[in-house]
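**Q** These protein sequence lines map, in sequence, to chains A and B. Counting from 4, one number per residue, gives the positions in the first sequence under the numbering used here. Counting from 4, one number per residue, gives the positions in the second sequence under the numbering used here. Where a beta carbon is used, it is the ideal one built from N, C-alpha and C, also for glycine. Only a predicted model underlies this, so the values are computations on that prediction, with no experimental measurement involved.
There are 2 protein chains.
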Amino acid sequence: MTAKAPRPVPTLEDVARLAGVSTATVSRCLNTPDRVVKSTRDRVMSAVEQLGYAPNFGARALAAKRTNTIGAIIPTMENAIFARGLQAFQEELGLHGMTLLVASSSYSEDVEREQIRTLCARGADALLLIGHHRSQGTLDFLEARSVPVLVAWVYDPAKPQPSIGFDNRAAMREMAELVIAKGHRRIGVISAPCDSNDRASERLLGIREAMAAHGLPADAMALHETPYSIENGAAAFRQVMDNSDPPTAVMCGNDVLAVGALRAARRMGLSVPGDVSITGFDDIELAQLVDPPLTTVHVPHRDMGRMAAKLLVQQLNGKGPMASIRLDTYLCDRETLGIAPR
Amino acid sequence: MTAKAPRPVPTLEDVARLAGVSTATVSRCLNTPDRVVKSTRDRVMSAVEQLGYAPNFGARALAAKRTNTIGAIIPTMENAIFARGLQAFQEELGLHGMTLLVASSSYSEDVEREQIRTLCARGADALLLIGHHRSQGTLDFLEARSVPVLVAWVYDPAKPQPSIGFDNRAAMREMAELVIAKGHRRIGVISAPCDSNDRASERLLGIREAMAAHGLPADAMALHETPYSIENGAAAFRQVMDNSDPPTAVMCGNDVLAVGALRAARRMGLSVPGDVSITGFDDIELAQLVDPPLTTVHVPHRDMGRMAAKLLVQQLNGKGPMASIRLDTYLCDRETLGIAPR
DNA sequence: CGATACCATGCAAGCGCTTACACTTGTGCT
DNA sequence: AGCACAAGTGTAAGCGCTTGCATGGTATCG
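(1) For the region 244 to 264 of chain B against the region 222 to 235 of chain B, do three or more pairs of beta-carbon atoms, one drawn from each stretch, fall closer than 8 Å, so that the two count as touching?
(2) With a cut-off of 8 Å on the beta carbons, I'd call B/A311 and B/L153 a contact; round off their distance for me.
(3) Residues of chain A with CB closer than 8 Å to the CB of B/V105, please, in chain order.
(4) Could you spell out where the alpha helix (DSSP H) holding A/M254 opens and where it closes?
(5) Closer than 9 Å, CB to CB, is A/P36 near chain B or not?
(6) Terminal residues of the continuous beta strand (DSSP E) containing B/E228?
(7) Quick one: residues in its chain with C-beta nearer than 8 Å to the C-beta of B/A127, no 5 flanking neighbours on either side, listed in chain order?
(8) Can you tell me which residues form a DSSP beta bridge with A/H301?
(9) Is it true that the region 83 to 103 of chain B meets the region 296 to 305 of chain B, where meeting means three or more beta-carbon pairs spaced less than 8 Å apart?
(10) Any Cβ of chain A within less than 9 Å of the Cβ of B/F92?
(11) Spatial neighbours of A/L145 within its chain, please: C-beta separation below 6 Å, excluding the five flanking residues on both sides.
(12) Kindly identify the DSSP beta-bridge partner or partners of B/V105.
(13) The region 70 to 91 of chain B: which residues have C-beta closer than 7 Å to a C-beta of chain A, in chain order?
(14) Can you give me the C-alpha to C-alpha distance between A/N200 and A/V157, rounded to a whole angstrom?
(15) By the three-class DSSP mapping on this structure, what secondary structure does A/V12 have?
(16) Cβ of B/N59 less than 9 Å from any chain A Cβ?
(17) Mind pulling the chain B residues with CB within less than 8 Å of A/L65?
(18) Going along chain A in order, which residues have a C-beta closer than 8 Å to the C-beta of B/G186?
(19) CA-CA distance, B/R270 and A/C123?
(20) For the alpha helix (DSSP H) containing B/S30, name the first residue and the last one.
(21) With a floor of 3 residues, list each beta strand (DSSP E) that falls wholly inside the region 91 to 148 of chain B, ordered by position along the chain.
(22) Is the CB of A/V24 under 9 Å away from at least one CB in chain B?
(23) Following the continuous beta strand (DSSP E) through B/A184, name the residue where it begins and the one where it ends.
(24) Check whether the Cβ of A/R233 lies closer than 9 Å to any Cβ atom in chain B.
(25) If you measure from the beta carbon of A/V18 to each beta carbon in chain B, is any gap under 9 Å?
(26) Within this structure, are the beta carbons of B/I287 and B/A264 separated by less than 9 Å?
(27) Do A/P13 and A/L33 have their C-beta atoms closer together than 9 Å?
(28) Please list, in chain order, the chain A residues whose beta carbon lies closer than 8 Å to that of B/V262.
(29) Can you tell me whether B/I342 is helix, strand or coil according to DSSP?
(30) Quick one: which residues of the region 113 to 124 of chain B get their C-beta closer than 8 Å to a C-beta of chain A? List them in chain order.
(31) Consider the Cβ of B/E338: report whether some Cβ of chain A lies at a distance smaller than 9 Å.
(32) Among the residues of its own chain, which have a CB less than 8 Å from the CB of A/P296, if the five just before and after it don't count?
(33) Determine contact between the region 181 to 200 of chain B and the region 228 to 248 of chain B, defined as no fewer than three beta-carbon pairs at a distance below 8 Å.
(34) Of all the CB atoms in chain B, is at least one closer than 9 Å to the CB of A/G126?
(35) Select from B/M214, B/S49, B/S327 and B/M175 the residue whose C-alpha is nearest the C-alpha of B/Q164.
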C-alpha cells in the first residue's frame with residue numbers, strides 16, 4: 004500500500020508483447036474487432052484480461068482526435084430541474100456508444116466559460132449548453148474550435164446556434180392567461196435573477212405580455228427575484244405578501260420556488276388556493292408530492308434530453324447541421340390555482 | 004459552419020510561435036508561472052488569449068501523469084440521496100484545484116466495474132466509491148493500478164480500503180429501538196435490494212438486532228425489497244399492509260421509499276402516525292417537505308463529502324495513507340412516528 | 001499455373017504536452 | 001578580473017495510442 008505501483012499500469016505494448024502481436028493489432032482488436040481474425044483476437048483479449056489492461060483515454064484521444072464524449076454544462080445540480088432531462092440525454096448517448104461529461108456553472112457566466120474551456124480541453128466532441136445567454140468571447144471560442152454546440156431548454160430559431168426546447172415565454176403567458184381568467188388582478192411573481200438567464204427573463208416577459216393584453220397595469224405585478232431554492236422561494240413569498248394589498252396569486256419561475264412559497268404560505272396560516280393561489284413551472288416530481296399538488300407548466304424533459312442526444316450524434320456522424328426543434332409544454336392545472344378571493 | 008475548422012485548434016506550439024518563445028516556456032507559463040519572468044509571461048499570456056488556446060487535457064495527462072481529477076461513482080443520480088454529499092465533495096476538491104468526474108452505476112456491480120475502468124482510463128488520480136460490496140476482480144484491478152480509493156457512505160475499519168461514513172447498522176438499530184419503545188410489535192420494512200448494497204443490508208441487520216434484543220420473533224417483521232423510488236415505496240407499502248394483521252409501523256431503508264409509503268398511506272385513507280407509523284433514513288430535503296414531516300435518521304452528508312475530499316487530497320499529496328473516519332448520525336424524530344395503536 | 005485481389009498484420013510516424021538537461025546570461029563574491 | 005552560482009529559456013525525448021502504408025500470405029479467376 005505504501006510502495007509505488009509494483010506492476011506499473013499495463014500499456015498497449017505490454018498486451019502486444021504478451022499476446023505476441025504488434026501494438027497495431029491490439030489497437031485494432033479493441034476498436035475494430037472485425038478487422039482481426041478470431042484466433043488472434045482471442046489471444047489478445049485474454050492478454051488484456053490477464054493484465055487488467057484499460058486503454059489510456061488521453062493517449063487515445065490524442066491519437067484519434069475523437070473522444071466519443073459529449074460535454075454538458077448545466078446551471079446547477081442542486082435541484083431536480085435538469086436531472087431528468089440530463090438522465091434521458093445520457094441514456095440516449097449511451098445507446099450510441101458515447102459518454103457524457105457533466106459540469107455545473109452555478110448560474111455564473113464566468114464559471115460557465117471556464118467549464119466550456121475545460122470540457123473542450125478534455126476533448127468533448129460536442130457540447131450541450133443551457134440557454135442562449137453567453138458572451139461574444141465564449142461564442143468566438145466555440146466557433147474557433149468548431150465544436151458543435153446545441154442549446155437546450157429554450158427554443159429560438161432566430162439564433163445562429165441550433166436549439167432544442169420550448170417557448171418559455173409562450174408557456175408562461177399561457178399560465179398567466181389562466182391566472183387572469185380566474186379573476187386574479189394583483190399578481191406576485193417570484194423569478195430567478197433574469198440577467199444571464201434567458202429562460203427566466205422570457206418567462207417573466209410572458210407574464211407581462213398576458214397582463215398587458217388584459218389591460219392590467221405594470222404595477223399590478225409585484226416582482227421578486229431570487230436564486231432557485233426552496234428556502235429562497237419561501238423568503239420571497241413572505242416579502243411579496245408583506246403588503247397592505249397583497250397579491251391574490253403568486254406565479255413562480257419554477258417549481259422549486261413554488262414549493263418554497265407553498266410552504267411559507269402554510270406557515271403563515273394562509274390556505275392555498277383559498278387565500279392565495281400559487282403556480283410553478285417545470286413539473287418536477289416534487290410538484291405532485293406537495294400538498295396540495297402544484298399547478299404548473301409541464302416541460303417534456305425526457306423528450307428534450309433524448310432528442311438533444313439524437314441531434315448531436317447525427318451531427319457528429321456528419322448527417323448535416325442541426326436544426327432547432329420546438330417541443331410543446333402544457334398546463335398542469337392541479338390544485339394550487341383557484342378563483343381569486345373577493 | 005459547413006466547412007471544417009478554418010483555424011484548426013491552436014496548440015502549444017502555435018502559442019509559442021506567436022509569442023516568440025519555445026513550447027517549454029509556454030508550458031511553464033501555464034503550470035509554474037513564477038518560474039518565468041513577467042515580461043515573457045505577459046507576452047505568452049496575450050498570445051494564449053489571442054488564439055483562444057486551451058491546453059489539450061489528454062496530451063497533458065499523458066506527459067505529466069497526473070490529471071488533478073478525482074472520479075466518483077455513485078449508484079444513482081436520480082434521487083437526491085447522494086447529491087448533497089457529492090456537491091460538498093466537489094466544492095472541497097475545487098478549493099484544492101481538483102476536478103470531479105462523476106459516473107453512476109445504476110446499482111449494478113457490472114456497470115460499476117466498467118465505470119471504474121473508464122474513470123481510470125480517463126486518468127482519475129483517485130476514486131471515491133460508495134459502499135464496500137465489490138468483486139475481487141475489481142479490487143485486484145484497483146490494486147494493480149494503485150489508484151487510491153476511498154469508500155464513502157459506510158464505516159468499516161475492518162476492511163482494507165479506508166472508508167468515511169457512518170455505522171449504518173447502529174444508526175438503524177437506534178431507530179428501531181425507538182420504534183419498539185413506542186410500542187410497535189409488528190414492523191414492516193421496506194428496503195432496497197440487499198445483495199450488493201451493504202448500506203441496505205446493514206440497516207436491515209440493525210432492525211433485526213433491535214428486534215431480537217427485545218424478544219420479537221423474526222416473523223414479526225414483514226420485509227419487502229424494492230429499488231429506491233417514490234413509486235416503488237408506495238407499491239411496497241401497499242403490499243406490506245395487505246395483510247390480515249398489518250404492521251403498525253413501517254420502517255423504510257431511505258427517505259425516498261418513506262415518502263412513497265407516506266403517499267400510499269394517505270391514498271389508502273390511513274392517518275400517519277395515527278393508524279400507522281413510517282420512518283425513513285438519510286434526512287434529505289424532501290423529508291421536511293412532506294406532510295407530516297418525516298421521522299428519519301440524519302446523515303451528515305455535507306461533512307462526509309467535504310472530509311472525503313480532504314482525505315483524498317492529503318493522500319495524493321503524499322501525506323501518508325488514509326485512515327477510516329466515522330461520522331455520527333442522529334435521530335430526527337419528527338411527526339411520522341407515533342405510539343402504536345391498540 | 002500465374003496474375004490479381006484481398007485480408008491479416010506489422011512498421012513507424014506522429015497526436016500535444018511536460019520536463020530533465022543543457023545552455024546563456026547576469027550577479028555577487030574573492 | 002575571474003570565478004561560482006542562480007535564474008530564465010531552449011532542446012529534445014518521450015507519454016500511450018491510432019492509422020496510413022507496406023508486406024506477405026491465401027483465395028479467386030481466366
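**A** On the basis of the supplied data:
(1) yes
(2) As a working mapping, residue 311 of chain B is identified with position 308 in the second sequence. As a working mapping, residue 153 of chain B is identified with position 150 in the second sequence. Right, the Cβ-Cβ distance comes to about 6 Å (below 8 Å), so this counts as a contact.
(3) As a working mapping, residue 105 of chain B is identified with position 102 in the second sequence. What B/V105 touches in chain A: V105.
(4) Numbered from 1 along the first sequence, position 251 holds the residue referred to as residue 254 of chain A. It is not in any alpha helix (DSSP H) - A/M254 instead sits in the beta strand (DSSP E) that spans A252 to C255.
(5) As a first step, residue 36 of chain A is located in the first sequence; it is residue number 33 there, counting from the start. By this cut-off, A/P36 is not an interface position.
(6) Within the second sequence, the letter at position 225 stands for residue 228 of chain B. That run of the beta strand (DSSP E) goes M224 to E228.
(7) Within the second sequence, residue 127 of chain B is the residue found at index 124, counting from 1. Result list for B/A127: T70, T72, I73, G74, L104 and V150, in chain order.
(8) Sequence index remark: in the first sequence, residue 301 of chain A carries index 298 (1-based). Note: A/H301 sits in a beta bridge opposite A/D285 and A/Y333.
(9) yes
(10) Counting from 1 along the second sequence, the entry for residue 92 of chain B is found at position 89. Interface with chain A (9 Å Cβ-Cβ cutoff): B/F92 is excluded.
(11) Taking the first residue of the first sequence as 1, we reach residue 145 of chain A at position 142. Taken in chain order, the residues that qualify are V152.
(12) One-based indexing of the second sequence puts residue 105 of chain B at position 102. Bridge partners of B/V105: B/A75.
(13) So the close ones are M80, E81, A86 and Q90.
(14) Sequence index remark: in the first sequence, residue 200 of chain A carries index 197 (1-based). Sequence index remark: in the first sequence, residue 157 of chain A carries index 154 (1-based). Looking at the two C-alpha atoms, the distance is approximately 11 Å.
(15) Translated into positions along the first sequence, residue 12 of chain A becomes position 9. Coil, per DSSP.
(16) Residue 59 of chain B sits at position 56 when you count from the first residue of the second sequence. Chain A, which has a Cβ nearer than 9 Å to the Cβ of B/N59, makes this yes.
(17) In the first sequence, residue 65 of chain A corresponds to position 62, counting from 1. Residues of chain B passing the Cβ test: N59, G61, A62 and L65.
(18) Here residue 186 of chain B is taken as the residue at index 183 of the second sequence, counted from 1. What B/G186 touches in chain A: nothing, since even the nearest Cβ is about 28 Å away.
(19) Along the second sequence, one-based indexing puts residue 270 of chain B at 267. Along the first sequence, one-based indexing puts residue 123 of chain A at 120. The straight-line gap from Cα to Cα measures roughly 50 Å.
(20) Numbered from its first residue, the second sequence carries residue 30 of chain B at position 27. Counting along the chain, the alpha helix (DSSP H) containing B/S30 begins and ends at T26 to N34.
(21) The beta strand (DSSP E) runs lying completely inside the region 91 to 148 of chain B and spanning 3 residues or more are 102 to 107 and 129 to 133, given in chain order.
(22) Working through the first sequence from its first residue, we reach residue 24 of chain A at position 21. With 9 Å as the cut-off, A/V24 does not count as an interface residue toward chain B.
(23) By 1-based counting over the second sequence, the position of residue 184 of chain B is 181. In this chain, B/A184 is not harboured by any beta strand (DSSP E); it is covered by the alpha helix (DSSP H) spanning N171 to A184.
(24) Here residue 233 of chain A refers to the residue found at position 230 of the first sequence. Note on identity: in this sequence residue 233 of chain A is Ile, with Arg being the wrong assignment. Interface residue, yes.
(25) The residue labelled residue 18 of chain A in the question sits at position 15 within the first sequence. No, its Cβ sits nowhere closer than 9 Å to a Cβ of chain B.
(26) For the purposes of this step, residue 287 of chain B is identified with residue 284 of the second sequence, where counting begins at 1. For the purposes of this step, residue 264 of chain B is identified with residue 261 of the second sequence, where counting begins at 1. No, these two residues do not count as a Cβ contact at 9 Å.
(27) Here residue 13 of chain A refers to the residue found at position 10 when the first sequence is read from its first residue. Here residue 33 of chain A refers to the residue found at position 30 when the first sequence is read from its first residue. No, the pair does not count as a contact, with Cβ atoms beyond the cut-off.
(28) Here residue 262 of chain B is taken as the residue at index 259 of the second sequence, counted from 1. Simply L292.
(29) Position 339 of the second sequence, counted from the first residue, corresponds to residue 342 of chain B. In the structure shown, B/I342 sits in coil (DSSP, three-state: anything other than H, G, I, E or B).
(30) R120, T121, C123 and A124
(31) The count along the second sequence starts at 1 and reaches residue 338 of chain B at position 335. For B/E338, the answer is no, since every Cβ of chain A falls outside 9 Å of its Cβ.
(32) Position 293 of the first sequence, counted from the first residue, corresponds to residue 296 of chain A. Within the same chain, A/P296 has close Cβ partners A290, R337, E338 and T339.
(33) yes
(34) By one-based count along the first sequence, residue 126 of chain A stands at place 123. Interface residue, yes.
(35) The residue given as residue 164 of chain B occupies position 161 in the second sequence. Among B/M214, B/S49, B/S327 and B/M175, the Cα nearest to that of B/Q164 is on B/S327.
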